[in-house]
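Undergrad: Encoded as structure tokens, here's the structure I'll be asking about.
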Amino acid sequence: MKEAKSTQLVYRLLTGVDDAGFCKRVSAALRDGFHLHGSPVMTFDGEKVIVGQAVTRRMSESEHGD
Numbered sequence: 001m002k003e004a005k006s007t008q009l010v011y012r013l014l015t016g017v018d019d020a021g022f023c024k025r026v027s028a029a030l031r032d033g034f035h036l037h038g039s040p041v042m043t044f045d046g047e048k049v050i051v052g053q054a055v056t057r058r059m060s061e062s063e064h065g066d
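In the UniProt record's numbering, the protein residues as written are 1 to 66.
Dropping the structure here:
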């Protein structure tokens with residue numbers, strides 16, 4: 001019988017100004033194996049729109065290095 005590998009859920013909250021740079025960071029996280037977690041959020045700080053998107057990824061203990 002195969003032994004199940006232990007995995008850890010890694011969570012990141014990407015935040016920043018609502019611009020192409022933020023979109024590129026989210027796209028890069030998706031390319032790195034992360035998955036969108038929940039809905040994006042937006043707020044206005046009086047000068048600019050600030051956005052956020054949570055992402056998660058399953059990593060093995062050996063891959064995570066903790």
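Note that CB positions come from ideal geometry on N, CA and C, so glycine has one too. If you're wondering where the values come from, they're calculated on a predicted model, not measured in any experiment.
Return the first residue and the last residue of the beta strand (DSSP E) that residue 92 is part of.
TA: Residue 92 lies beyond the range of the chain shown here (1 to 66); nothing can be said about it.
Undergrad: Would you identify the three-state DSSP class for residue 118, choosing helix, strand or coil?
TA: Any property of residue 118 remains undetermined from this structure, which presents the chain solely from 1 to 66.
Undergrad: Sorted by chain position, which residues of the same chain lie with C-beta nearer than 6 Å to residue 54's C-beta, five sequence neighbours on each side aside?
TA: Cβ within range, chain order: 13, 37 and 38.
Undergrad: Quick one: measure Cβ to Cβ for residue 52 and residue 15, integer angstroms, because I've assumed they're closer than 8 Å.
TA: Contact flag correct, Cβ pair sits at about 4 Å.
Undergrad: One question on the structure: do residue 42 and residue 49 come within less than 7 Å of each other, judged by their Cβ atoms?
TA: The answer is yes: Cβ separation under 7 Å.
Undergrad: What is the rounded straight-line gap between the Cα of residue 24 and the Cα of residue 44?
TA: Near 21 Å, if we compare the C-alpha coordinates of residue 44 and residue 24.
Undergrad: Name the DSSP bridge partner or partners of residue 28?
TA: Answer by DSSP bridge pairing: none, since residue 28 is not bridged.
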